[in-house]
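**Q** In full-length UniProt numbering, the protein residues as written are 1 to 432.
I have a structure here, written as structure tokens, and I will follow up with some questions on it.
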Ligand code: S3P
């Protein structure tokens, strides 16, 4: 499926983007492993989260829904999962595969994790290594999926992550629930802390210091009600679009603004964006706000590396913002972008060049010179966030932008085309 997006226009009105993907995965996982019922509202009904739901159903967990963002999970307790009859298919989702690997390592049954072509290219050694250090037995294809997990007794570790990764941190903490003794994870830079927060919400003690989280194995999780806020990573496409399209004024409602996720707001604001947070509140241990964004002229900046993990999923959009800014924007220490759903540095650079933007790719980032965006064809390489970012680029393009391979937008934001049109983007879906 392709997008054909006509140039120009503005984004106006108010809208609510779907639920946070990271929080939705964790709600399903902890709900399944808890004792008693967990009721979730605002759940993201994207393919990635549906894969996690299907995996737990295949392990005997009764899950009703999702229906209009509502999900009811009959938790089976930490030791109530049953051996799945078939390999568990994580689809396009790195979060599903890595977090499930953590859960499955300590079960008393074997399991296999598979995914799509993109997921089978992504590095899994980063979870296999620490889990093996805890006693796990995991066979892989040279550090990539499929992962065959035997299920063994685990013991706690004190592990220092070699890269800033919330997925790896979370996999280790989930395995730690099953491990004898204490499990600690240190991270080289702050990453999203939804697992730590939600574990505590389920009544599990997690001690947290800056850059370090520890828990003791052998406890219990108690079923909860979870209200998932809108995903700031999905809101980002609208922050971008409204910022770059003259005459825009948009209100995004009920967006999660956990400080480990708001790097994009800081980066865009430093570039000159007009973003205001209102109605700040806390819902189920997560900070939430309404976000107003109005158009403004951006200028290039040198993005501080400490903000990279706090905006890790937002770089496709930030690259487009940079292309619309006056002067040069520099992205560095962002090599993790190369192992996302696609190599986001290479794919963004190629796409921007097709649209006439000057980009110099570096090993760990890029230098982007702002200027005029022409029109043309861009290949998203099946990467949802790249497809949505280039769709918004059309607001400032001279001619239409055709974007190839857009099916995977449904992994994180199935309603994107509808909401984008509602806000003012002239986007057509073309089945090729
Ligand atoms: C996620 C963590 C990030 C992010 C991904 C979701 C999570 O990945 O890119 O979309 O839910 O923990 P890494 O932890 O590998 O950086």
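C-beta atoms are modelled at their ideal positions from N, C-alpha and C, and glycine is treated no differently.
#1: By how many angstroms is the C-alpha of residue 89 removed from the C-alpha of residue 367?
#2: Can the beta-carbon of residue 30 be found less than 7 Å from the beta-carbon of residue 198?
#3: Please report the distance separating the alpha-carbon of residue 139 from that of residue 149.
#4: What's the C-alpha gap between residue 378 and residue 93?
#5: Run through the DSSP bridge pairs and tell me what residue 23 is partnered with.
#6: Suppose only complete runs of 4+ residues qualify. What are the alpha helix (DSSP H) ranges in the stretch 259-299, listed by chain order?
#7: Kindly examine ligand 1 and report whether one of its heavy atoms sits closer than 6 Å to the Cβ of residue 166.
#8: Report, in whole angstroms, the separation of the C-beta atoms of residue 331 and residue 365, which I expect to be a contact under 8 Å.
#9: Kindly indicate which three-state DSSP category residue 155 falls into: helix, strand or coil?
#10: Determine the closest residue to residue 2 out of 417, 422, 424, with distance taken between C-alpha atoms.
#11: How many angstroms separate the CA atom of residue 190 from the CA atom of residue 211?
#12: Would a C-beta distance cut-off of 7 Å place residue 237 and residue 136 closer than the cut-off?
#13: Using 8 Å for Cβ pairs, my map puts residue 18 next to residue 58. What's the rounded Cβ distance?
#14: Strictly by DSSP, which residues pair up with residue 40?
#15: Alpha carbon to alpha carbon, what distance is there between residue 187 and residue 118?
#16: Which same chain residues, not among the five before or five after residue 410, have their C-beta less than 7 Å away from its C-beta?
#17: Sorry if obvious, but does the Cβ on residue 24 come closer than 6 Å to a heavy atom of ligand 1?
#18: Look at the alpha carbon of residue 156 and the alpha carbon of residue 419, and state the distance between them as a whole number of angstroms.
#19: My guess is that residue 6 and residue 302 are in contact by the Cβ rule of under 8 Å, so how many angstroms apart are they, rounded?
#20: If the criterion is Cβ atoms closer than 7 Å, does the pair residue 345 and residue 361 meet it?
#21: State the beta-bridge partners of residue 397 as determined by DSSP.
#22: Return yes when the Cβ of residue 290 is within less than 7 Å of the Cβ of residue 297, no when it is not.
#23: Looking at residue 37 and residue 327, is the spacing between their C-beta atoms short of 7 Å?
#24: What does the Cβ neighbour count give for residue 319, buried or exposed, with the cut at 16 atoms within 10 Å?
#25: Does DSSP put residue 340 in a helix, in a strand, or in coil?
#26: Rounded to the nearest angstrom, how far is the Cβ of residue 250 from that of residue 13, given a contact under 8 Å?
#27: Please say whether residue 241 and residue 348 have beta carbons closer to each other than 7 Å?
#28: With hydrogens ignored, establish whether the beta-carbon of residue 29 is closer than 6 Å to any heavy atom of ligand 1.
#29: Is the beta carbon of residue 95 within less than 6 Å of some heavy atom of ligand 1?
#30: Assuming residue 25 contacts residue 61 under a Cβ cut-off of 8 Å, what Cβ separation, rounded to an integer in Å, is found between them?
#31: Could you round the C-beta distance between residue 21 and residue 233 to whole angstroms and report it? I think they count as a contact, below 8 Å.
#32: For residue 69, which residues of its own chain have a beta-carbon under 7 Å away from its beta-carbon, when the five flanking residues on both sides are left out?
#33: With a threshold of 6 Å, establish whether the CB of residue 312 neighbours any heavy atom of ligand 1.
#34: Tell me the DSSP bridge mates of residue 89?
#35: Measure the beta-carbon distance from residue 355 to residue 397 and round it to whole angstroms, keeping in mind my assumption that it falls under 8 Å.
**A** Reading it off the structure:
#1: As a first step, residue 367 is located in the chain shown; it is residue number 367 there, counting from the start. As a first step, residue 89 is located in the chain shown; it is residue number 89 there, counting from the start. Separation of residue 367 and residue 89 (C-alpha to C-alpha, rounded to the nearest whole angstrom) is 37 Å.
#2: Here the question's residue 30 lines up with position 30 in the chain shown. Here the question's residue 198 lines up with position 198 in the chain shown. If you check the CB distance, residue 30 and residue 198 come in under 7 Å.
#3: Along the chain shown, read from residue 1 onward, the residue named residue 139 stands at position 139. Along the chain shown, read from residue 1 onward, the residue named residue 149 stands at position 149. Computed Cα separation, rounded: 7 Å.
#4: Within the chain shown, numbered from 1, the residue matching residue 378 stands at position 378. Within the chain shown, numbered from 1, the residue matching residue 93 stands at position 93. About 23 Å.
#5: Mapped onto the chain shown, residue 23 falls at position 23. Beta bridge pairing from DSSP links residue 23 with no other residue.
#6: Whole alpha helix (DSSP H) segments, 4+ residues: 263-270.
#7: Within the chain shown, residue 166 is the residue found at index 166, counting from 1. Checking every heavy atom of ligand 1 against the Cβ of residue 166, one is found closer than 6 Å.
#8: The residue you call residue 331 lines up with position 331 of the chain shown. The residue you call residue 365 lines up with position 365 of the chain shown. 4 Å between Cβ atoms; contact.
#9: For the purposes of this step, residue 155 is taken as residue 155 along the chain shown, with counting starting at 1. Reduced to three states, the DSSP call for residue 155 is strand.
#10: Position 2 of the chain shown, counting from 1, holds the residue named residue 2. Looking from the CA of residue 2, the closest CA among 417, 422, 424 belongs to 417.
#11: Counting from one through the chain shown, the residue named residue 190 turns up at place 190. Counting from one through the chain shown, the residue named residue 211 turns up at place 211. Straight across, the Cα-Cα distance linking residue 190 with residue 211 is about 6 Å.
#12: In the chain shown, the residue the question calls residue 237 occupies position 237. In the chain shown, the residue the question calls residue 136 occupies position 136. Contact flag unset, no.
#13: Taking the first residue of the chain shown as position 1, residue 18 is located at position 18. Taking the first residue of the chain shown as position 1, residue 58 is located at position 58. Not quite, the Cβ-Cβ distance comes to about 24 Å (not below 8 Å), so this is no contact.
#14: Mapped onto the chain shown, residue 40 falls at position 40. Residue pairing for residue 40: DSSP places it in a beta bridge opposite 71, 226.
#15: Here residue 118 refers to the residue found at position 118 of the chain shown. Here residue 187 refers to the residue found at position 187 of the chain shown. Approximately 26 Å, taken between the alpha carbons.
#16: For the purposes of this step, residue 410 is taken as residue 410 along the chain shown, with counting starting at 1. So the list reads 46, 47, once near-sequence residues are dropped.
#17: Walking along the chain shown from the start, residue 24 turns up at place 24. Checking the Cβ of residue 24 against ligand 1 gives no.
#18: What you label residue 156 is simply residue 156 of the chain shown in a count that begins at 1. What you label residue 419 is simply residue 419 of the chain shown in a count that begins at 1. Here the alpha carbons of residue 419 and residue 156 stand approximately 45 Å from one another.
#19: Within the chain shown, residue 6 is the residue found at index 6, counting from 1. Within the chain shown, residue 302 is the residue found at index 302, counting from 1. A Cβ-Cβ distance of about 34 Å is found for the pair residue 6 and residue 302, leaving them out of contact under the 8 Å criterion.
#20: Translated into positions along the chain shown, residue 345 becomes position 345. Translated into positions along the chain shown, residue 361 becomes position 361. Annotated as proximal: residue 345 and residue 361, with beta-carbon spacing under 7 Å.
#21: Residue 397 sits at position 397 when you count from the first residue of the chain shown. Per DSSP, 373.
#22: Here residue 297 is taken as the residue at index 297 of the chain shown, counted from 1. Here residue 290 is taken as the residue at index 290 of the chain shown, counted from 1. Their beta carbons are not under 7 Å apart, which means residue 297 does not touch residue 290 by this criterion.
#23: Locating residue 327 in the chain shown gives position 327, counting from the first residue. Locating residue 37 in the chain shown gives position 37, counting from the first residue. Not in contact: residue 327 and residue 37 (Cβ atoms no closer than 7 Å).
#24: On the chain shown, residue 319 is found 319 positions in, with the first residue counted as 1. Using a 10 angstroms sphere on the CB of residue 319, the tally of other CB atoms reaches 16 or more, which defines it as buried.
#25: To locate residue 340, count along the chain shown from 1; it is residue 340. In this structure, DSSP gives residue 340 a state outside helix and strand, which the three-state scheme calls coil.
#26: Taking the chain shown and counting its residues from 1, one reaches residue 250 at position 250. Taking the chain shown and counting its residues from 1, one reaches residue 13 at position 13. Sure, about 6 Å apart at Cβ, within 8 Å.
#27: Taking the chain shown and counting its residues from 1, the one referred to as residue 348 is at position 348. Taking the chain shown and counting its residues from 1, the one referred to as residue 241 is at position 241. No, these two residues do not count as a Cβ contact at 7 Å.
#28: Here the question's residue 29 lines up with position 29 in the chain shown. Distances from the CB of residue 29 to the heavy atoms of ligand 1 are all 6 Å or more.
#29: Within the chain shown, numbered from 1, the residue matching residue 95 stands at position 95. In this structure, residue 95 has its CB closer than 6 Å to one or more heavy atoms of ligand 1.
#30: Residue mapping note: residue 25 aligns to position 25 of the chain shown, counting from 1. Residue mapping note: residue 61 aligns to position 61 of the chain shown, counting from 1. Not a contact, Cβ separation roughly 14 Å.
#31: Working through the chain shown from its first residue, we reach residue 21 at position 21. Working through the chain shown from its first residue, we reach residue 233 at position 233. Contact check for residue 21 and residue 233: beta-carbon distance about 7 Å, within the 8 Å limit, so the pair qualifies.
#32: The sequence position of residue 69 within the chain shown is 69, counting from 1. Sequence-distant Cβ neighbours of residue 69 in its own chain, meaning closer than 7 Å and more than five residues away, are 19, 41, 42, 43, 45.
#33: For this step, residue 312 is matched to residue 312 along the chain shown. Remark: the C-beta of residue 312 is in contact range of ligand 1, defined as less than 6 Å to any heavy atom.
#34: For this step, residue 89 is matched to residue 89 along the chain shown. Under DSSP, residue 89 takes part in a beta bridge, and its partners are 114.
#35: Taking the first residue of the chain shown as 1, we reach residue 355 at position 355. Taking the first residue of the chain shown as 1, we reach residue 397 at position 397. The C-beta distance from residue 355 to residue 397 rounds to 7 Å, short enough to meet the 8 Å contact threshold.
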